[in-house]
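Report on the following structure.
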Amino acid sequence: MYLEEITHYIMENGAHFCDIRKEKQDKTVITVHNGEPTLVRRGQEEGFMVRTLVENGWGYMASSNFHTIKKSARRALSMAKWISKSKNEKIGLSDREIIKENRAIPMKKNIFDISPEEKILFLKEFDNNLQEDSVQSVTLEYHDVLLEKEIYSSEGTHITMKIPRVYLSATVVGKNDSLQRVVEKIGNTGGFEIVKEAFARKDIILNRLKALLHAQVPPTGHMSLIMDPHLTGIFIHEALGHAAEGDVVASSHSCLEGKIGEKIAAESVTITDDPTMKGYGQYPFDDEGTKAVPRILVKDGICTDYILDRESAWKLGRNSNGGARAEDFRVKPLVRMSNTMMKPGTRSLEELIEQAGTGIYAQSSRGGEVDPAQGTFQFNAQVAYKIEKGELTVPLRDVSFSGSILSALQSISGLSSDFKMKASECGKGQIIPVSSGGPHALLDTISVGGRA
Amino acid sequence: MNENFIDNVKTAIAVMKKCRVKGDVFGSIQNTLIHEFEKGELSSSSQTEEMGLAIRVVQEGRVGFGYCVPGNETCGVNRAIELASLSPVCDVELPHPQKAISVPVCDSNIICEIADGTGTDFLNALHEGVSAVKNDIALAHGELILGTHYRVVANTEGVLTDEDSTILSCGVHTSIPGTSLRAREIRSSRKLDIDFEEVGRTAGGKVHHMRKKWGSDQLHYPVILSPHVIAPLLWFTTIPALMGEQVRTGQSIFEGICGQQVASEEVTIIDDPTRPWGLGSGSFDDEGVVSSRLPLIVKGILKGFLYDLKDGAKSEKKSTGNGVRTSFRVPPQTKDRNIMLEGGKYKKDELFEGTKIYVDKAMGIHTANPISGDFSVAAAPALVIKQGENKGRVDTVMLSGNFPHLLHTMRLGTDYQGIYFSMGSRKIFSMEVPSGLSEHITVTM
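Chains as they are written, first to last, in my numbering: chain A, 1 to 452; chain B, 1001 to 1445.
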């Protein structure tokens, strides 16, 4: 087996650890605009990354050329050696179980059994469902991919896994006095069965667009905010999840450094990140070959864990919980989230609106950003409504929120009993599939960047 | 290496001709070396090399795409032919050989540095710059990216053109240990000409200016956005409206108003991939169309839109040389290449006259509305400047407005900076922009 030979070669030439991650992707992308397929693309690619640790220095070499894998191994080794010469800070890897296992996430409807013609037909039907008078254009983007990975480490871990993922985004543009856009995304691990869910989103998309076309610019200042489950997911992803990533904690770039055991959120708040649950961010082993396990990041308001790879776990005196993920073979694994969620509460949305009295009810999101070191975040809603005298009134557009992570988590004063997860993509120099969600959540006060 | 690779490209074209289809091939070899540093030390080096062929065929007016690694050309062409049958008819006319222009974009010093460099010299220079500001400022983390890109475009009409380019990008984060204060400076160039000591000084100076907190809740002042904020705001809110396909499909605020005033007379926006050493420059686009300087908005008047071959065909326009592939795995898309926001004339002391809010970094610019141009972002942080003197930082400030509307009144500075934004080895955008002063941004504290 040549991966074993290469790792032996690297270890015999002065490395303390090495692994090789081999990846193969078979991906189909179809875009349909106003009922016409505008792009149908399919391609396969494969490549590998050699990762080498010498003393305290890492060297990484990635290539799509398997004929030169030994040369790549030599290059990774030489890079690790030059880094180790100048680096004083110690590096170690947390212990882990040596695993030899093959895993495949099943597909109910195999993506390779459905022809491109059938996929286009489905997209045309969904497009047709979204066409209404107020709709100017509909763009559907469908992706399916089968990702095959093989990880071999110098410690003896040897894993192969197959992860199929399907993703569909619908961008619907409407026009009256202004142009407005709604984006809805569906994604999960599994097969073509995933896209069936699209039809259930039709009314949500069209109602949101109608609201946006009559929406006002939002007020500005500090006020109460009720987030829908999608926005709650984006909020915990941005405000807590990134700050709980072990690499930023271990390098002192997170406001959660040293907070384990401390109260950082309201008592009702429990937040987990779970790569083992069904969702767009699901994976059985991380990209270091560590078994993925659920992590409870916050329990009843207390900070209880971080997301960890082997290096950050070693630095923080903990064990890896399988948090190392790479976008593809070209890049090294970083500590990343998977399926991040807030545990639901016991209230209804109506009760939360009544409790807020005055404020904003915001739905869905165009994304957000966080500065984990400064402990500040920003995220944005697709559409929102004013809450006046305990009732929803006028729709609002382009509403963004910002604040301090720790203050915002403390200001959560109500959680509903309903719960939803949603697929999205997360960027940290690399883009990976994740999902996030939770219940409706009431924040007593947050800064709203409005214009009125 | 490149000769063999060109042979792979020629093989793909020969397979197309044998199958009696028209088409083009985009071949790409990318080599990227990244040195990362953490807590003032080099922490890792990583290198990625990849090569591949993007194949596009046109069969009876239908376009199909595939991609493959060199050596699998027949398979790649056959897959593209299969998929072409599923596409609607779109009369893409492939370019014929044109007289090539020469745009300098490749620096052999960067190629040597990738082969032999260890990143140590750059790191030492950064350290010197940071410590020159004040000795309690730390070089927290950052990265130095050195890249080469060889691309070749060939088609069944006889085009065969190739080009080498290089890129150097340095991102530095400084901090004041024991505080949550952090600052960032990013510089990019096609050449190995970045003054790393100066980059360190700038990054150190930025965090140094954050020490003092602004003591008042009064923030009703005009806002100055640095080039690091202007560039992404322009790209996320205004450039999408300049895409021909957005106009054709009714998703552009500029639809039907070509020739009209859409910005102040001081604003000119050009896409100029012919600019020597421009961060997005190149002799031809990724469809083999020769590059040219394209005026989009001139003295506030809307002059035109961007097209690749396919979008041009749909709108009955010629390609403007804006067919861009972010990798060989994706088909060309209409994209800006090297945007210049021209017209800046205000010197620093003129912009900073009186009291101003200065924002060098903002969070959430990507959440701006690409259709309407509305934005609401968080300054990270904002500084209050009086008569050019820093009076302190404000940590949580939100800035909201509509960027295309702001261009009617924005005053542009003379402090032009090249801004290159990438995700790994994928270029997202590159621009040359100055700072901008606006009195119409809503500020929420």
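Beta carbons: idealized from backbone N, C-alpha and C, even for Gly. Because the structure is a prediction, the values reported are computed rather than measured.
Quiz item: In chain B, which residues lie with their C-beta within 9 Å of the C-beta of residue 323/A?
Solution: As a position in the first sequence, residue 323/A is number 323, starting the count at 1. Per Cβ cutoff of 9 Å: no residues; residue 323/A is ~18 Å from chain B at best.
Query raised in the report: Given that residue 1261/B touches chain A, what residues does it touch there, using C-beta distances under 7 Å?
Result: Against the second sequence, residue 1261/B aligns to sequence position 261. Neighbours of residue 1261/B across chain A, judged by C-beta separation under 7 Å, do not exist; the nearest C-beta is about 19 Å away.
- Message: If I follow the unbroken beta strand (DSSP E) through residue 225/A, where does it start and stop?
- Response: For the purposes of this step, residue 225/A is taken as the residue at position 225 of the first sequence. Residue 225/A -> beta strand (DSSP E) spans 221-227.
Drop a sphere of 10 angstroms on the beta-carbon of residue 363/A, count the other beta-carbons inside from all chains shown, and report buried for 16 or more, exposed for fewer. If you number the first sequence from 1, residue 363/A lands on position 363. Its Cβ being crowded by 16 or more others within 10 Å, residue 363/A is buried.
(request) Enumerate in chain order the residues of its own chain whose CB-to-CB distance from residue 22/A is below 6 Å, with the five nearest sequence positions on each side excluded. (result) For the purposes of this step, residue 22/A is taken as residue 22 along the first sequence, with counting starting at 1. Residues 48 and 150 of the same chain have their beta carbon placed closer than 6 Å to that of residue 22/A, with the five preceding and five following residues left out of the count.
Counting only beta-carbon separations shorter than 9 Å, does residue 426/A have a partner in chain B?
As a working note, residue 426/A is residue 426 in the first sequence. Residue 426/A has a beta carbon lying at 9 Å or more from every beta carbon in chain B.
Item to complete: Closer than 8 Å, Cβ to Cβ, to anything on chain A: give me those residues from the segment 1305-1330 of chain B, in chain order.
Response: Within the segment 1305-1330 of chain B, the qualifying residues are 1329 and 1330.
Check distances from the C-beta atoms of the segment 370-381 of chain A to those of chain B and list, in chain order, the residues that come in under 8 Å.
-> So the close ones are 370, 371, 373, 374, 375, 376, 377, 378, 379 and 380.
Proximal residues to residue 83/A (C-beta, below 8 Å), its chain only, five neighbours per side dropped = Counted from its first residue, the first sequence places residue 83/A at position 83. Same-chain partners within the cutoff: 54, 56, 57, 58 and 59.
Where does residue 58/A sit, in a helix, a strand or coil, going by DSSP?
Here residue 58/A corresponds to residue number 58 of the first sequence, with the count starting at 1. In the structure shown, residue 58/A sits in a strand (DSSP, three-state: E or B).
- Task: Select from the segment 212-233 of chain A all residues with a C-beta closer than 7 Å to any C-beta belonging to chain B, and list them in chain order.
- Result: Those would be 220 and 221, in chain order.
| message | With a threshold of 9 Å between beta carbons, is residue 397/A in contact with chain B? | response | For the purposes of this step, residue 397/A is identified with residue 397 of the first sequence, where counting begins at 1. Yes, contact with chain B.
- Item | Selection from 1032/B, 1406/B, 1026/B and 1257/B that minimises the alpha carbon distance to residue 1145/B | Start at 1 with the first residue of the second sequence, and residue 1145/B comes out as number 145. Its Cα nearest to that of residue 1145/B, the residue 1032/B stands out among 1032/B, 1406/B, 1026/B and 1257/B.
- Message: Whole angstroms are fine: how far does the CA of residue 1360/B sit from the CA of residue 448/A?
- Response: For this step, residue 448/A is matched to residue 448 along the first sequence. For this step, residue 1360/B is matched to residue 360 along the second sequence. Between the alpha carbons of residue 448/A and residue 1360/B lies a gap of roughly 21 Å.
Give me the Cα-Cα distance between residue 1101/B and residue 1290/B, rounded to the nearest whole angstrom. In the second sequence, the residue the question calls residue 1101/B occupies position 101. In the second sequence, the residue the question calls residue 1290/B occupies position 290. About 7 Å.
| Delimiting residues of the alpha helix (DSSP H) encompassing residue 1015/B | Start at 1 with the first residue of the second sequence, and residue 1015/B comes out as number 15. Counting along the chain, the alpha helix (DSSP H) containing residue 1015/B begins and ends at 1002-1018.
Problem set entry | Residues within the segment 175-193 of chain A neighbouring chain B, beta-carbon criterion of under 8 Å | Here the close residues are 175, 178, 179, 180 and 181.
### Query
Does residue 1039/B get closer than 9 Å to chain A when you measure Cβ to Cβ?
Translated into positions along the second sequence, residue 1039/B becomes position 39. For residue 1039/B, the answer is yes, since a Cβ of chain A falls inside 9 Å of its Cβ.
_Helix, strand or coil at residue 12/A [DSSP, three-state]_ = Counted from its first residue, the first sequence places residue 12/A at position 12. In the three-state reduction of the DSSP assignment, residue 12/A falls in the helix class.
Please name the residue in 15/A, 324/A, 248/A and 281/A whose C-alpha comes closest to that of residue 1140/B.
For the purposes of this step, residue 1140/B is identified with residue 140 of the second sequence, where counting begins at 1. Selected option, being the one with the closest Cα: 248/A.
Residue 177/A: buried (16+ other C-beta within 10 angstroms of its C-beta) or exposed? Numbered from 1 along the first sequence, position 177 holds the residue referred to as residue 177/A. So residue 177/A ends up on the exposed side.
Note to self: Between which residues of its own chain and residue 267/A is the CB-CB distance below 8 Å, once the five residues before and five after are set aside?
What the structure shows: The residue you call residue 267/A lines up with position 267 of the first sequence. Contacts found: 300 and 301.
Exercise. What's the call for residue 1446/B, buried or exposed, on a 16-neighbour Cβ count within 10 Å?
Worked result: In the structure as shown, chain B begins at 1001 and stops at 1445. Residue 1446/B is therefore absent and cannot be evaluated.
> For the candidate residues 1045/B, 1376/B and 1035/B, whose alpha-carbon lies nearest to that of residue 218/A?
Replying inline: Position 218 of the first sequence, counted from the first residue, corresponds to residue 218/A. When only C-alpha atoms are compared, the closest one is 1376/B.
How about residue 400/A: is its C-beta nearer than 9 Å to some C-beta of chain B?
If you number the first sequence from 1, residue 400/A lands on position 400. Yes, residue 400/A lies at the interface with chain B (some Cβ there is under 9 Å from its Cβ).
message: Which residue wins for smallest C-alpha separation from residue 221/A, given the options 358/A, 214/A and 91/A?
response: Here residue 221/A is taken as the residue at index 221 of the first sequence, counted from 1. The shortest Cα separation from residue 221/A among 358/A, 214/A and 91/A belongs to 358/A.
- request: Name the residue from 1052/B, 1083/B and 1366/B whose alpha carbon lies nearest to the alpha carbon of residue 426/A.
  value: Against the first sequence, residue 426/A aligns to sequence position 426. For residue 426/A, the nearest C-alpha among the options comes from 1366/B.
*asked:* Given a cut-off of 9 Å on the beta-carbon distance, is the pair residue 1051/B and residue 1081/B in contact?
replied: For the purposes of this step, residue 1051/B is taken as the residue at position 51 of the second sequence. For the purposes of this step, residue 1081/B is taken as the residue at position 81 of the second sequence. No; because the gap between Cβ atoms is not below 9 Å, this pair is not in contact.
Exercise for the section: Would you verify that the beta carbon of residue 165/A is, or is not, closer than 9 Å to some beta carbon of chain B? Expected result: Numbered from 1 along the first sequence, position 165 holds the residue referred to as residue 165/A. Contacts with chain B at 9 Å (Cβ-Cβ) do not include residue 165/A.
| message | Taking 6 Å as the limit between beta carbons, can you name the residues of its chain near residue 1045/B, skipping five residues before and five after? | response | Along the second sequence, read from residue 1 onward, the residue named residue 1045/B stands at position 45. Contacts found: 1035.
*Examine chain B for any beta-carbon lying closer than 9 Å to the beta-carbon of residue 27/A, and answer yes or no.*
Numbered from 1 along the first sequence, position 27 holds the residue referred to as residue 27/A. Yes, contact with chain B.
- Establish whether the CB of residue 431/A and some CB of chain B are separated by less than 9 Å. By one-based count along the first sequence, residue 431/A stands at place 431. Residue contact with chain B for residue 431/A: present (Cβ-Cβ distance below 9 Å to some residue of chain B).
Query raised in the report: Taking the runs of the beta strand (DSSP E) that are 3 residues or longer, which of them lie wholly in the segment 1145-1228 of chain B?
Result: Taking only runs of at least 3 residues, the beta strand (DSSP E) segments lying wholly in the segment 1145-1228 of chain B are 1160-1175, 1182-1189 and 1223-1225.
Quiz prompt | Segment contact flag, the segment 1152-1160 of chain B with the segment 1002-1013 of chain B, C-beta cutoff 8 Å, min 3 pairs | solution = Three or more beta-carbon pairs separated by less than 8 Å link the segment 1152-1160 of chain B to the segment 1002-1013 of chain B, which places the two stretches in contact.
Per DSSP, the bridge partner or partners of residue 395/A:
Working through the first sequence from its first residue, we reach residue 395/A at position 395. According to DSSP, which records beta bridges pairwise, residue 395/A is partnered with 385/A.
Discussion item. Run through the DSSP bridge pairs and tell me what residue 1138/B is partnered with.
Written reply: Looking up residue 1138/B in the second sequence gives position 138. Looking at the DSSP assignment, residue 1138/B forms a beta bridge with 1175/B.
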